Amino acid sequence: MENSESRSRVIIRTSIIGILANLILAGFKAAVGIISGSIAIVLDAVNNLSDAASSVITAVGTRLAAKEPDKKHPFGYGRIEYLTAMIISILVLYAGITSLVESVKKIIQPETPDYSLPALIIVGAAVAVKIVLGLYTRSVGKKVNSDSLINSGEDATLDSVISASTLAAAIFFIFTKISLEAWLGAVISLVIIKSGIGMLRETLSRILGERAEPELARAIRDTAASFPNVVGAHDLVLHNYGPDAYTGSVHVEVPQSLTAADLDELQRAMSVEIYKKHGVIMTAVGVYAVQADEESAALRDLVTRTAMAHGNVLEVHGFYLDKKTKTARFDLVVSFDEKDRRALADKVVGELTALRPEYAYRCALDTDFADI
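Mapping the sequence shown onto numbering that gives the first Met the number 0, position 257 (from 1) lands on 256, and the numbers just tick up by one.
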């Protein structure tokens with residue numbers, strides 16, 4: 000809880016810095032743009048206002064996301080951060096489209112700008128401020144795993160490119176009396192639109208639900224497998240309810256000789272250890288029984304070798320032989336690269352039946368959730 004509050008404070012503090020910086024820049028640029036008659040500088044000022052709005056949205060979203068879980072939302076409000084990142088992406092996209100429309104208007108009906116030395120100095124200072132602000136915001140965003148801050152930082156970096164391009168166009172006009180700012184504005188607008196679409200696509204992907212980072216998944220599975228009597232850990236499923244807010248479940252293979260009391264102690268200790276090390280709440284720890292007799296071990300080895308001979312079979316686990324019914328059951332993890340995963344599982348069963356027809360085979364097709 001303390002770490003969550005600290006993270007929220009960092010994001011809000013960074014957002015406030017962005018708000019103040021962008022409001023100051025917007026005021027100066029708007030004045031310079033109106034006095035000089037430069038549409039590019041005026042649009043740059045408007046873009047700063049949209050950045051200030053993005054920072055406000057980030058701060059408000061972070062505050063709401065930090066709310067305690069309640070009866071209606073028992074998993075908390077962390078996903079609000081994804082929604083704020085989506086709103087920022089839409090603002091960037093809208094700014095790009097607006098800038099493109101205005102630039103095209105100026106291409107059709109050009110106006111001659113009137114630049115002054117103070118105007119150029121202000122734009123040059125804005126470039127420096129935006130570069131620093133963009134690097135700072137993005138680095139903080141990566142440090143605290145905030146998509147909203149990362150998007151704001153990338154937007155600020157784009158703004159520095161816009162301001163630098165505007166400055167270059169102004170200097171070029173002073174020496175050649177040829178105005179390129181409308182055409183430059185159109186090109187920059189297309190870059191902003193592309194960036195906005197990329198941000199929006201990435202944020203929507205997170206809202207839909209992505210795999211957990213392989214490093215986190217591997218670390219959790221290694222922790223589960225490190226306990227005494229655990230032969231292997233499989234079927235790790237992680238559910239994301241906001242940045243750094245995960246719940247999950249895992250299956251472990253243990254000797255069938257363990258008692259219910261042994262399993263209860265193991266599951267409790269494992270859940271506590273995974274939360275302490277990785278901050279993930281384990282909602283369930285399932286159990287696969289491992290048989291140690293010679294017949295079961297030999298058939299398990301045959302099943303594993305036969306299945307793993309297929310390139311898109313990633314893992315075989317959960318093997319158990321019911322000797323009364325002569326039925327072998329196991330789980331098969333098949334890659335998403337396989338066009339027909341069920342058909343491959345059926346093929347493995349067919350090959351096993353041909354090799355050892357005295358047994359029946361029940362194959363459960365598992366999904367590769369963790370990409371380990």
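No residue lacks a Cβ here, since even glycine has one placed at the ideal position from N, Cα and C.
On a predicted model such as this, the values are computed, not experimentally measured, just so you know.
Own chain partners of Ala-29 with C-beta closer than 6 angstroms, once the 5 adjacent residues on each side are dropped: The residue given as residue 29 occupies position 30 in the sequence shown. Excluding residues within five positions, the ones whose Cβ falls inside 6 angstroms are Ala-44.
Identity of the residues DSSP links to Thr-246 by a beta bridge: Numbered from its first residue, the sequence shown carries residue 246 at position 247. According to DSSP, Thr-246 bridges with His-238, Ile-280.
Under 8 angstroms between C-beta atoms of Tyr-81 and Thr-202: The residue you call residue 81 lines up with position 82 of the sequence shown. The residue you call residue 202 lines up with position 203 of the sequence shown. Result yes, Cβ atoms of Tyr-81 and Thr-202 sit closer than 8 angstroms.
Alpha-carbon to alpha-carbon, Val-315 and Leu-90: Here residue 90 is taken as the residue at index 91 of the sequence shown, counted from 1. Here residue 315 is taken as the residue at index 316 of the sequence shown, counted from 1. Rounded to whole angstroms, the separation of the alpha carbons of Val-315 and Leu-90 is 47 angstroms.
Pick from Ser-256, Ile-273, Gly-75, Leu-313 that is closest to Ala-65, judged by C-alpha positions: In the sequence shown, counting from the first residue as 1, residue 65 sits at position 66. Selected option, being the one with the closest Cα: Gly-75.
Pro-109 (DSSP reduced to helix, strand or coil): Residue 109 sits at position 110 when you count from the first residue of the sequence shown. In the displayed model, Pro-109 falls within coil according to three-state DSSP, outside both helix and strand.
Span of the beta strand (DSSP E) around Gly-317: Your numbering for residue 317 matches position 318 in the sequence shown. Note, Gly-317: beta strand (DSSP E), 312 to 321.
Identity of the residues DSSP links to Val-332 by a beta bridge: Along the sequence shown, one-based indexing puts residue 332 at 333. The beta-bridge partner set that DSSP reports for Val-332 consists of Glu-314, Asp-365.
Burial state of Val-126, where buried means 16 or more other Cβ atoms lie within 10 Å: Along the sequence shown, one-based indexing puts residue 126 at 127. Val-126 should be labelled buried.
For Thr-258, the three-state DSSP class (helix, strand or coil): As a first step, residue 258 must be located in the sequence shown, where it is residue number 259. Reduced to three states, the DSSP call for Thr-258 is coil.
Whether Val-131 touches Leu-166 by CB criterion (8 angstroms): Residue mapping note: residue 131 aligns to position 132 of the sequence shown, counting from 1. Residue mapping note: residue 166 aligns to position 167 of the sequence shown, counting from 1. No, Cβ-Cβ distance for Val-131 and Leu-166 is not below 8 angstroms.
Tyr-135, enclosing alpha helix (DSSP H) - first and last residue: The residue given as residue 135 occupies position 136 in the sequence shown. Residues 116 to 143.
Nearest residue (CA-CA) to Val-333, options Leu-364, Glu-350, Leu-351: The residue labelled residue 333 in the question sits at position 334 within the sequence shown. Looking at the Cα atoms, Leu-364 is the closest of the given residues.
C-alpha distance - Ile-18 paired with Val-284, whole-angstrom precision: Along the sequence shown, read from residue 1 onward, the residue named residue 18 stands at position 19. Along the sequence shown, read from residue 1 onward, the residue named residue 284 stands at position 285. Ile-18 and Val-284 have their alpha carbons spaced roughly 46 angstroms apart.
Closest residue to Leu-63 among Ser-7, Ile-106, Ser-14, Ile-34 (Cα-Cα distance): Position 64 of the sequence shown, counted from the first residue, corresponds to residue 63. Nearest C-alpha to Leu-63: Ser-7.
Per DSSP, cross-strand counterpart(s) of Tyr-287: As a working mapping, residue 287 is identified with position 288 in the sequence shown. Glu-252.
Distance between beta carbons of Ile-187 and Ser-49, contact taken as under 8 angstroms: For the purposes of this step, residue 49 is identified with residue 50 of the sequence shown, where counting begins at 1. For the purposes of this step, residue 187 is identified with residue 188 of the sequence shown, where counting begins at 1. Wrong, their Cβ atoms sit about 14 angstroms apart, outside the cutoff.
Inter-stretch contact (C-beta, 8 angstroms, three-pair minimum) for the segment 192 to 202 and the segment 171 to 183: They do not touch, by the three-pair rule.
For Tyr-93 and Pro-117, the rounded distance between their alpha carbons: The residue given as residue 117 occupies position 118 in the sequence shown. The residue given as residue 93 occupies position 94 in the sequence shown. About 30 angstroms.
Cβ contact check for the segment 246 to 262 and the segment 219 to 236: 3 or more pairs under 8 angstroms: Verdict: yes, contact present.
Contacting residues, own chain, Cβ-Cβ under 8 angstroms from Val-55 (five flanking each side not counted): Locating residue 55 in the sequence shown gives position 56, where the first residue counts as 1. If we look at Val-55 and ignore the five residues flanking it on each side, its Cβ neighbours are Ser-14, Ile-18.
Short Cβ contact (8 angstroms threshold) for Val-312 with Leu-298: Translated into the one-based positions of the sequence shown, residue 312 becomes position 313. Translated into the one-based positions of the sequence shown, residue 298 becomes position 299. No. Outside cutoff.
Buried/exposed call for Glu-180, threshold 16 Cβ in 10 Å: For the purposes of this step, residue 180 is taken as residue 181 along the sequence shown, with counting starting at 1. When all chains shown are included, Glu-180 counts as buried.
As assigned by DSSP and simplified to three states, the class of Leu-99: Position 100 of the sequence shown, counting from 1, holds the residue named residue 99. Helix at Leu-99.
Rounded C-alpha distance that separates Leu-237 from Arg-217: For the purposes of this step, residue 237 is identified with residue 238 of the sequence shown, where counting begins at 1. For the purposes of this step, residue 217 is identified with residue 218 of the sequence shown, where counting begins at 1. Taking the straight line from one Cα to the other gives about 12 angstroms.
Limits of the unbroken alpha helix (DSSP H) element including Gly-208: Here residue 208 refers to the residue found at position 209 when the sequence shown is read from its first residue. Element bounds for Gly-208: n/a, residue is neither H nor E.
Per DSSP, the bridge partner or partners of Thr-326: Against the sequence shown, residue 326 aligns to sequence position 327. Thr-326 is bridged to Asp-321, Ala-359.
Between the CA atoms of Thr-366 and Ala-84 - distance to the nearest angstrom: Here residue 84 is taken as the residue at index 85 of the sequence shown, counted from 1. Here residue 366 is taken as the residue at index 367 of the sequence shown, counted from 1. Going from the Cα of Ala-84 to the Cα of Thr-366 covers about 29 angstroms.
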